[in-house]
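Notes follow the structure.
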Amino acid sequence: MMDEINQVASLLMYEGPTAAELIQKAVKENGEFYISNNEDITILTIESTIAYGLNVKDVYSFNLEGQLIKQTIVMNGKEQIIFDKYKEATQILKKLQQKKRKVS
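Heads up: the sequence shown begins at 15 in our numbering, then just goes up one per residue.
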């Protein structure tokens, strides 16, 4: 049980790379970037081209404190979630709740 609580705490404390670091990397690699705000969330989209001319969009979402809360990648019109801080924490807590019910 403590292991799950530590996992959730680590996830919630995780800050990830900063938007400035990601922008710096994009500029260095000749990628394009766009920044937009959606209420309390800042969204950084980095577009780049990889092998065979494949366009890739990395979409990073940051909270007001500048912590990375979600990362998705879009290739060939398909979106894949790479990291979602709150969804992962919720899943761990749900598993913990299920374990607690089995024990009771």
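Idealized CB from N, CA, C, for every residue including glycine.
Sufficient close CB pairs (3 or more, under 8 Å) joining the stretch 43-58 to the stretch 100-112:
As far as the Cβ criterion goes, the stretch 43-58 does not touch the stretch 100-112, which means the pair count is below three.
What residue does the alpha helix (DSSP H) around Tyr18 start on, and which one ends it? The amino acid at residue 18 is misidentified as Tyr; the sequence shows Glu. Boundaries of the alpha helix (DSSP H) harbouring Glu18: 16-27, taken from the DSSP string.
>> Restricting to Cα atoms, I'd like to know which of Gln112, Gln94, Glu79, Val41 is closest to Met27.
In response: Selected option, being the one with the closest Cα: Glu79.
- On the three-state DSSP scale, how would you describe Thr104? The answer is helix: DSSP assigns Thr104 an H, G or I state.
*Label Ile95 either buried or exposed according to how many other C-beta atoms from any shown protein chain fall within 10 Å of its C-beta, with 16 as the threshold for buried.*
Around the beta-carbon of Ile95, fewer than 16 other beta-carbon atoms lie within 10 Å, marking it exposed.
Taking 8 Å as the threshold (beta carbon to beta carbon), is Gln21 in contact with chain C? Within the model displayed, chain C is absent; a lone protein chain is all it includes.
message = Judging by CA-CA distance, which residue of Gln81, Leu82, Asp72, Lys109 is the nearest neighbour of Gly7?
response = Given a span of 15 to 118 for the chain in the structure shown, any question on residue 7 remains unanswerable.
request  = Over the uninterrupted beta strand (DSSP E) stretch that includes Gln85, give me the two end residues.
outcome  = Run containing Gln85: 82-89, per the beta strand (DSSP E) assignment.
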